[in-house]
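S.K.: Input: one structure, supplied below.
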Amino acid sequence: MKLHPITRRRLLLGAGLAGAAVVSACAPGESVPSASGSATGAAPEVTDPAELGDVELVVWDQEVRGSQNDALVALIAAFEEKYPNITVNRTSQSFDDLKAQVSLALSGNDVPDVVQVNNARGDMGQFVKAGQLVDLTPYAAQYGWEDRFPASVLSKVRYSGDATTFGEGNLYGLPQTGEIVGLFYSQKKLDALGAEAPATWEDYLALLDEAKAAGEQPMVLGNIEKWPALHVFGPLQAHYVEPETIVQLGMGNAGATWTDEANVAAMEQFATWGTEGYFGTSPNGLDYDPAWTEFTQGTGVFLPGGSWLATDMEAVMGEDLRFMPPPPAVDGKLATTGGTGIPFSIPAKAKNVAAAAAYIDFITSEEAMQIIADNGGMPVLRTAELAPESGVQKDIYEAFDTVSQEGTLLPYLDYATPTFSDTAGTGLQEVLGGQKSAQDVLADFEADYQAFVGG
Amino acid sequence: MTPYLYVLPAFLVYGLFLLYPLIRAGQFSLYDWPGFGPSEFVGPGNYVDLLGDRRFRDAVGHALTLIVFYSILPLVVGLVLAAILRRGRVRGLGFFRVVIFMPQVIALVVVAVAWHQIYSPTGLLNDVLRALGLGELARGWLGDPNLALPAVGMIGFWLSTGLVMLLLLAGMGRIPNDLYEAARLDGAGPVREFFAISLPSVKAEITTALVLTIIAALKTFDLVYVTTSGGPGTATTVPSYEVYNRAFNLKEVGSASAVAIVLTVLVFGINVVISRIGEERVVGR
Amino acid sequence: MRVGTGEKVLNYVILVLFAAYALFPILTIALTALGPQNGVTEPGPHWTNIADAWRIGDFGAALTRSLLVAALVVTVALTLSILAGYAFGTMRFPGSTVLFYLFLLGLMVPAEAIVIPLFFDLRTLGLTDTIWAVAFPQIAQSVAFGTFWMRAQFRALPPNLVEAAAIDGAGGMRTLWRVVVPPSLPSIATVAVLMFMWTWNEFLIPLIMSPGAQWRTAPLGLAIFKGQYTADNALIAAAGVIIAAPIIVVFLLLQRYFITGMLEGAAQE
Chain V
1 MKLHPITRRR
11 LLLGAGLAGA
21 AVVSACAPGE
31 SVPSASGSAT
41 GAAPEVTDPA
51 ELGDVELVVW
61 DQEVRGSQND
71 ALVALIAAFE
81 EKYPNITVNR
91 TSQSFDDLKA
101 QVSLALSGND
111 VPDVVQVNNA
121 RGDMGQFVKA
131 GQLVDLTPYA
141 AQYGWEDRFP
151 ASVLSKVRYS
161 GDATTFGEGN
171 LYGLPQTGEI
181 VGLFYSQKKL
191 DALGAEAPAT
201 WEDYLALLDE
211 AKAAGEQPMV
221 LGNIEKWPAL
231 HVFGPLQAHY
241 VEPETIVQLG
251 MGNAGATWTD
261 EANVAAMEQF
271 ATWGTEGYFG
281 TSPNGLDYDP
291 AWTEFTQGTG
301 VFLPGGSWLA
311 TDMEAVMGED
321 LRFMPPPPAV
331 DGKLATTGGT
341 GIPFSIPAKA
351 KNVAAAAAYI
361 DFITSEEAMQ
371 IIADNGGMPV
381 LRTAELAPES
391 GVQKDIYEAF
401 DTVSQEGTLL
411 PYLDYATPTF
421 SDTAGTGLQE
431 VLGGQKSAQD
441 VLADFEADYQ
451 AFVGG
Chain E
1 MTPYLYVLPA
11 FLVYGLFLLY
21 PLIRAGQFSL
31 YDWPGFGPSE
41 FVGPGNYVDL
51 LGDRRFRDAV
61 GHALTLIVFY
71 SILPLVVGLV
81 LAAILRRGRV
91 RGLGFFRVVI
101 FMPQVIALVV
111 VAVAWHQIYS
121 PTGLLNDVLR
131 ALGLGELARG
141 WLGDPNLALP
151 AVGMIGFWLS
161 TGLVMLLLLA
171 GMGRIPNDLY
181 EAARLDGAGP
191 VREFFAISLP
201 SVKAEITTAL
211 VLTIIAALKT
221 FDLVYVTTSG
231 GPGTATTVPS
241 YEVYNRAFNL
251 KEVGSASAVA
261 IVLTVLVFGI
271 NVVISRIGEE
281 RVVGR
Chain C
1 MRVGTGEKVL
11 NYVILVLFAA
21 YALFPILTIA
31 LTALGPQNGV
41 TEPGPHWTNI
51 ADAWRIGDFG
61 AALTRSLLVA
71 ALVVTVALTL
81 SILAGYAFGT
91 MRFPGSTVLF
101 YLFLLGLMVP
111 AEAIVIPLFF
121 DLRTLGLTDT
131 IWAVAFPQIA
141 QSVAFGTFWM
151 RAQFRALPPN
161 LVEAAAIDGA
171 GGMRTLWRVV
181 VPPSLPSIAT
191 VAVLMFMWTW
201 NEFLIPLIMS
211 PGAQWRTAPL
221 GLAIFKGQYT
231 ADNALIAAAG
241 VIIAAPIIVV
251 FLLLQRYFIT
261 GMLEGAAQE
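Protein chains in written order, with the UniProt record's numbering: chain V, 1 to 455; chain E, 1 to 285; chain C, 1 to 269.
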């Protein structure tokens with residue numbers, strides 16, 4: 001009887017070893033590298049989506065927010081009405097959740113037909129490199145997207161097939177909304193200070209000092225999440241660094257440096273703002289959303305932030321809320337962080353590519369832009385034309401139009417490298433809190449950037 | 001009658017859904033892999049990189065600091081509370097037990113959200129400080145590089161203490177009343193009584209409490225994720241958060257797996273040591 | 001036993017202070033949940049926050065899923081733990097120490113360490129987005145703890161109890177269910193409640209294992225409020241109340257039984 005258990009144990013042990021052997025035989029991921037970008041290219045058959053038969057289109061997006069969600073609900077209803085044979089099965093979740101999940105899901109077989117993928121090298125760039133997204137160039141020809149969208153917008157969804165170049169090459173997604181980072185301010189607060197909206201960076205910096213001397217908190221920033229500071233530093237950087245260079249750095253293309261004098265000056269100004277209380281006592285201890293909530297309740301004169309905040313803040317502040325693009329950059333033209341909402345892409349393994357392309361076409365059409373505007377969002381196209389007649393949205397539409405037509409929409413800095421979101425978020429927190437010097441943080445940025453463009 | 005048949009079903013599920021993935025994590029840690037597409041075998045490369053990785057070393061240091069808040073402080077406070085409850089014949093004992101244990105039953109996501117609001121610059125903690133005339137101490141607690149980690153630690157303290165206290169109370173409950181009566185006849189005060197009777201009789205419970213809370217401390221993820229995302233800078237990053245961050249944000253699944261394996265080994269090592277010490281004492285008595 | 005008045009007062013002071021400390025974050029979130037949403041100025045309490053959060057987070061469906069997952073995890077994990085704990089606690093067999101340490105290891109493995117491989121392997125089998133993918137990793141975790149717990153419980157039973165049953169000719173299974181389990185019921189109930197609680201509160205595993213959101217549980221409903229561009233303290237707190245309330249109710253209903261079981265269970269160690 002005693003031998004029996006031992007053989008059983010041996011059996012277990014043996015099974016375990018056999019299991020381990022099987023395991024070590026199959027490496028994680030695909031053992032054979034998929035030919036980069038080759039999942040694409042084949043010209044689609046031009047088909048009328050109405051003739052595709054019954055299709056269930058699986059869509060994952062992150063438009064959970066009020067106006068964006070309302071617009072998509074309306075658009076999907078209109079789409080299903082136009083093509084009764086297509087049913088849209090939509091799952092929406094928060095940006096961070098979707099981002100984490102997409103990287104797991106895209107490598108699988110059970111992929112959605114349409115998914116929102118962040119433009120960044122860490123997201124879209126990686127997927128392009130792995131051949132996991134459909135090159136939409138043939139569809140662009142079929143649907144005339146290159147006439148519909150300005151080249152500057154499309155450049156933010158273009159990668160070369162091997163993803164080494166960002167900004168040129170194949171087309172991997174289409175955005176629906178526009179975004180611009182600028183300065184929100186309270187008109188009453190400016191009036192109380194006897195000031196006008198600043199026309200130059202010098203004016204702006206002087207105004208901040210004035211506000212501080214008057215006992216006001218000059219700017220509001222909630223940066224516990226790490227990424228909000230990117231939206232403050234980006235526009236400030238353009239006061240010191242040529243927009244062309246920022247684009248190079250921000251898109252992770254070789255040939256620029258983070259450690260030149262201009263960048264040091266920008267980062268030092270940012271450090272001064274942080275350590276001398278221009279954002280109040282502890283921007284790093286305040287959340288993004290409570291920060292703008294406080295702003296609506298009377299804290300601070302300026303709120304550097306993105307256009308997406310307007311609807312919610314306007315609901316509280318009404319006419320008092322104003323928006324302006326940051327003053328002209330070092331080259332004399334307007335330049336600020338911004339561009340487009342998260343683009344909609346098609347996974348390479350999607351089951352209904354043709355219907356997916358029709359969906360993307362529909363939600364970025366002229367008609368769609370109207371629906372987005374009607375629901376309180378900012379459409380990426382026809383912006384000037386669809387601008388509301390008054391209020392902060394008018395400021396925003398005009399700012400977006402001017403910057404995108406005459407100036408430079410700077411990329412979000414986290415586009416730069418797969419790890420730059422982390423590097424920049426951490427570094428800007430450290431500068432704000434005085435944990436690290438401007439030079440040290442820029443050295444970290446440079447290391448990340450060079451490691452990427454060099455390798 | 002083979003014991004193995006009884007263990008087998010549990011072992012199958014456990015092996016398939018925990019041990020096997022753990023082995024796979026070990027295997028992943030030998031590859032350079034972004035989470036999709038092809039992978040490259042790098043041997044122990046990821047582990048070698050960790051040796052020189054300041055951020056990883058910081059994370060381990062933070063986790064060890066959290067043990068003070070999750071385990072040591074709750075043990076001290078829990079001992080005092082349990083001794084009071086055992087000896088003091090306090091009325092409403094049931095009520096206090098329920099209330100003090102309450103933090104354990106609430107989802108960590110919810111706990112984190114609550115404390116997050118308390119620590120905010122306009123939160124309850126600062127309101128209290130200002131009301132006490134200590135307004136200059138008010139700050140955004142989670143944004144202060146020196147205080148963010150202790151602030152997260154205090155959430156752990158809040159979480160652990162009820163559990164530890166109940167465990168210790170269980171141990172003290174077994175002490176015969178005669179022992180206390182005899183001690184009191186000898187004129188022992190509460191302090192001597194505590195060291196002579198209560199403490200020695202709960203060594204096993206102390207071991208259990210330490211094992212459970214140290215595991216909780218080293219596995220801290222939800223709290224850091226919701227309250228600070230490891231910030232400001234890297235002031236509150238911990239190994240579990242590094243695992244998540246490397247896998248999902250940095251797309252370094254190999255490195256993430258290596259951190260996970262190191263973390264598992266660390267947890268295992270500390271607990272084997274504690275259990276050994278605990279069991280020796282139990283055997284010795 | 002008599003205790004001096006001064007000491008008694010001090011005891012109460014300490015206890016009341018500590019109880020307040022334990023309660024205040026819970027009260028904070030309850031109050032925030034009933035406070036005004038951003039931009040709302042009418043005085044509260046704003047019960048509609050709960051309804052709004054319920055609707056936005058689709059908590060009706062999420063709570064149902066949570067309940068199903070928890071029921072599956074507790075039933076399976078408990079049964080397996082009792083069987084394994086019986087072997088470890090009452091029998092001597094070669095390799096038992098090694099095997100037991102193997103189970104103990106499971107208590108210490110962070111979920112983050114296993115979810116990534118689990119996701120890929122289960123996906124290959126086409127099991128992601130099923131209740132099995134969400135439940136079985138948690139069953140494995142619960143089995144690790146349950147086995148640890150039941151072993152301690154069964155070990156502490158008087159040895160002659162099991163021996164007597166064996167002499168009476170009762171088989172292993174019969175001894176287990178007739179002799180070993182009945183006196184251990186409080187302890188079993190305790191571990192069941194603990195397993196239920198952990199499963200209910202788990203966040204990472206359902207998030208990763210159900211990428212299509214078909215099996216997302218209640219705590220994940222909180223995630224929908226925490227997107228990059230949206231958050232309202234009152235609504236987040238209201239969602240927190242929705243998630244926490246069921247478990248608090250269960251705890252309050254079972255607390256006497258639960259705490260008694262917990263104390264007896266731990267005392268066996």
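Using N, Cα and C, we set each Cβ at its ideal position, and we do this for glycine too.
Is the segment 252 to 265 of chain V touching the segment 10 to 23 of chain E in the sense that three or more CB pairs, one from each, lie closer than 8 angstroms?
M.R.: With the cut-off at 8 angstroms, the segment 10 to 23 of chain E and the segment 252 to 265 of chain V do not touch.
S.K.: Taking all protein chains shown into account, do 16 or more other C-beta atoms lie within 10 angstroms of the C-beta of residue 177 of chain V, making it buried, or fewer, making it exposed?
M.R.: As a first step, residue 177 of chain V is located in the first sequence; it is residue number 177 there, counting from the start. Burial call: buried.
S.K.: Beta-carbon within less than 8 angstroms of residue 42 of chain E's beta-carbon, same chain only, minus the 5 sequence neighbours each way: which residues are those?
M.R.: To locate residue 42 of chain E, count along the second sequence from 1; it is residue 42. Correct list, in chain order: 30, 31, 32 and 254.
S.K.: With burial defined as no fewer than 16 other Cβ atoms inside 10 Å of the residue's Cβ, what is the status of residue 332 of chain V: buried or exposed?
M.R.: As a first step, residue 332 of chain V is located in the first sequence; it is residue number 332 there, counting from the start. Classification of residue 332 of chain V: exposed, given that the 10 Å Cβ count is below 16.
S.K.: Any beta-carbon of chain E closer than 9 angstroms to the one on residue 76 of chain C?
M.R.: Indexing the third sequence from 1 puts residue 76 of chain C at position 76. Chain E contact via Cβ: present.
S.K.: How big is the Cα-Cα spacing for residue 108 of chain C and residue 126 of chain C?
M.R.: In the third sequence, residue 108 of chain C corresponds to position 108, counting from 1. In the third sequence, residue 126 of chain C corresponds to position 126, counting from 1. Distance between the alpha carbons of residue 108 of chain C and residue 126 of chain C: 28 angstroms.
S.K.: How would you list, in chain order, the residues of chain V whose beta-carbon sits under 7 angstroms from the beta-carbon of residue 49 of chain E?
M.R.: Taking the second sequence and counting its residues from 1, one reaches residue 49 of chain E at position 49. Ordered by position in chain V, no residue passes the 7 angstroms Cβ test against residue 49 of chain E, which lies about 13 angstroms from the chain.
S.K.: Please decide whether residue 39 of chain V counts as near chain E, where near means a Cβ-Cβ distance under 9 angstroms.
M.R.: As a first step, residue 39 of chain V is located in the first sequence; it is residue number 39 there, counting from the start. Residue placement at residue 39 of chain V is poorly supported in this model, since its pLDDT is 42, which falls under 50; the coordinates are not used for a value here.
S.K.: Give the secondary structure of residue 287 of chain E by DSSP, where H, G and I count as helix, E and B as strand, and everything else as coil.
M.R.: Here chain E covers residues 1 to 285 and nothing more, so residue 287 of chain E does not appear.
S.K.: Please state whether DSSP places residue 132 of chain C in a helix, a strand or coil.
M.R.: Translated into positions along the third sequence, residue 132 of chain C becomes position 132. Of the three classes helix, strand and coil, the one that applies to residue 132 of chain C here is helix, per DSSP.
S.K.: Can you give the Cα-Cα distance for residue 64 of chain V and residue 158 of chain E, rounded to whole angstroms?
M.R.: Against the first sequence, residue 64 of chain V aligns to sequence position 64. Against the second sequence, residue 158 of chain E aligns to sequence position 158. Roughly 33 angstroms separates the two Cα atoms.
S.K.: Tell me, to the nearest whole angstrom, how far the beta carbon of residue 199 of chain V is from that of residue 327 of chain V; I am working on the premise that it is less than 8 angstroms.
M.R.: Position 199 of the first sequence, counted from the start, is the residue given in the question as residue 199 of chain V. Position 327 of the first sequence, counted from the start, is the residue given in the question as residue 327 of chain V. 6 angstroms between Cβ atoms; contact.
S.K.: Taking the straight line between their C-alpha atoms, what separation do you get for residue 68 of chain V and residue 196 of chain C?
M.R.: Within the first sequence, numbered from 1, the residue matching residue 68 of chain V stands at position 68. Within the third sequence, numbered from 1, the residue matching residue 196 of chain C stands at position 196. Approximately 38 angstroms between the Cα atoms of the pair.
S.K.: Would you say residue 153 of chain E and residue 56 of chain E are within 9 angstroms of each other, going by their C-beta atoms?
M.R.: Here residue 153 of chain E refers to the residue found at position 153 when the second sequence is read from its first residue. Here residue 56 of chain E refers to the residue found at position 56 when the second sequence is read from its first residue. Result no, Cβ atoms of residue 153 of chain E and residue 56 of chain E do not sit closer than 9 angstroms.
S.K.: Would DSSP call residue 252 of chain E helix, strand or coil?
M.R.: Locating residue 252 of chain E in the second sequence gives position 252, counting from the first residue. Here residue 252 of chain E sits in coil by DSSP.
S.K.: Spell out the partners DSSP gives residue 86 of chain C in its beta bridges.
M.R.: The sequence position of residue 86 of chain C within the third sequence is 86, counting from 1. According to DSSP, residue 86 of chain C bridges with nothing at all.
S.K.: Give me the Cα-Cα distance between residue 223 of chain V and residue 168 of chain V, rounded to the nearest whole angstrom.
M.R.: The residue labelled residue 223 of chain V in the question sits at position 223 within the first sequence. The residue labelled residue 168 of chain V in the question sits at position 168 within the first sequence. Their Cα atoms are separated by approximately 33 angstroms.
S.K.: Going by DSSP, name the residue or residues bridged to residue 322 of chain V.
M.R.: As a working note, residue 322 of chain V is residue 322 in the first sequence. Bridge partners of residue 322 of chain V: V/185.
S.K.: For the 8 angstroms Cβ check, are there 3 or more pairs between the segment 162 to 175 of chain E and the segment 234 to 244 of chain E?
M.R.: Verdict: no, contact absent.
S.K.: Taking the C-alpha atoms as reference points, what is the distance between residue 145 of chain V and residue 139 of chain V?
M.R.: Translated into positions along the first sequence, residue 145 of chain V becomes position 145. Translated into positions along the first sequence, residue 139 of chain V becomes position 139. Spanning the two alpha carbons is a distance of roughly 8 angstroms.
S.K.: Measure the alpha-carbon distance for residue 247 of chain V versus residue 410 of chain V and round it to whole angstroms.
M.R.: For this step, residue 247 of chain V is matched to residue 247 along the first sequence. For this step, residue 410 of chain V is matched to residue 410 along the first sequence. The alpha-carbon atoms of residue 247 of chain V and residue 410 of chain V are separated by roughly 6 angstroms.
S.K.: Taking any Cβ of chain C, which residues in the segment 243 to 271 of chain E have a Cβ under 8 angstroms from it, in chain order?
M.R.: From the segment 243 to 271 of chain E, only 243, 244, 247, 253, 256, 257, 260, 261, 263, 264, 267, 268 and 271 have a Cβ closer than 8 angstroms to chain C.
S.K.: Going by C-alpha to C-alpha distance, which of V/79, V/194 and V/243 sits closest to residue 407 of chain V?
M.R.: On the first sequence, position 407 is the one that residue 407 of chain V refers to. It is V/243 whose Cα lies nearest to the Cα of residue 407 of chain V.
S.K.: Name, in chain order, the residues that DSSP records as bridge partners for residue 170 of chain V.
M.R.: Your numbering for residue 170 of chain V matches position 170 in the first sequence. BP columns for residue 170 of chain V point to V/159.
S.K.: For residue 138 of chain C, does the count of other Cβ atoms within 10 angstroms reach 16, so buried, or fall short, so exposed?
M.R.: Numbered from its first residue, the third sequence carries residue 138 of chain C at position 138. The residue is buried, with at least 16 neighbouring Cβ atoms inside 10 Å.
S.K.: Contact criterion: CB-CB distance below 9 angstroms. Does residue 132 of chain V meet it with respect to chain C?
M.R.: Numbered from 1 along the first sequence, position 132 holds the residue referred to as residue 132 of chain V. No, residue 132 of chain V does not count as interfacial toward chain C.
S.K.: Taking residue 71 of chain V as the reference, which of V/401, V/442, V/365 and V/446 has the closest Cα?
M.R.: As a working mapping, residue 71 of chain V is identified with position 71 in the first sequence. Nearest of V/401, V/442, V/365 and V/446 to residue 71 of chain V, Cα basis: V/365.
S.K.: Given residue 164 of chain E, which residues of its chain have a CB within under 7 angstroms of its CB, disregarding the five upstream and five downstream residues?
M.R.: Here residue 164 of chain E is taken as the residue at index 164 of the second sequence, counted from 1. So the qualifying residues of the chain are 74, 75, 78, 209 and 213.
S.K.: In chain order, what residues of the same chain have a beta carbon less than 7 angstroms from the beta carbon of residue 251 of chain E, not counting five sequence neighbours either side?
M.R.: For the purposes of this step, residue 251 of chain E is taken as residue 251 along the second sequence, with counting starting at 1. So the list reads 34 and 35, once near-sequence residues are dropped.
S.K.: If you count every other CB in all the chains shown that lies within 10 Å of the CB of residue 249 of chain E, and 16 or more means buried, which is it?
M.R.: In the second sequence, counting from the first residue as 1, residue 249 of chain E sits at position 249. Burial call: buried.
S.K.: Under three-state DSSP, which class holds residue 42 of chain V?
M.R.: Residue mapping note: residue 42 of chain V aligns to position 42 of the first sequence, counting from 1. Residue placement at residue 42 of chain V cannot be trusted, given a pLDDT of 49 that sits under 50; what the coordinates show is reported in the next sentence. Residue state, collapsed to three classes: coil.
S.K.: If the cut-off is 9 angstroms on Cβ atoms, which residues from the segment 269 to 284 of chain V count as contacting chain E, listed in chain order?
M.R.: Per Cβ criterion, the list reads 280, 281, 282, 283 and 284.
S.K.: When you check each C-beta in the segment 127 to 152 of chain E against every C-beta of chain V, which residues fall closer than 7 angstroms?
M.R.: Answer set for the segment 127 to 152 of chain E: 139, 140, 141, 142, 143, 144 and 145.
S.K.: Let me confirm a value: residue 47 of chain C is counted as buried when at least 16 other C-beta atoms fall within 10 Å, else exposed. Which label applies?
M.R.: Taking the first residue of the third sequence as 1, we reach residue 47 of chain C at position 47. So residue 47 of chain C counts as exposed.
S.K.: Specify the secondary structure class of residue 164 of chain V as computed by DSSP and reduced to three states.
M.R.: Against the first sequence, residue 164 of chain V aligns to sequence position 164. Residue state, collapsed to three classes: coil.
S.K.: Leaving out five residues before and five after residue 380 of chain V in sequence, what residues of the same chain have Cβ atoms less than 8 angstroms from its Cβ?
M.R.: As a first step, residue 380 of chain V must be located in the first sequence, where it is residue number 380. Only 149, 153, 175, 176, 177, 178, 340, 341, 364 and 369 meet the Cβ criterion.
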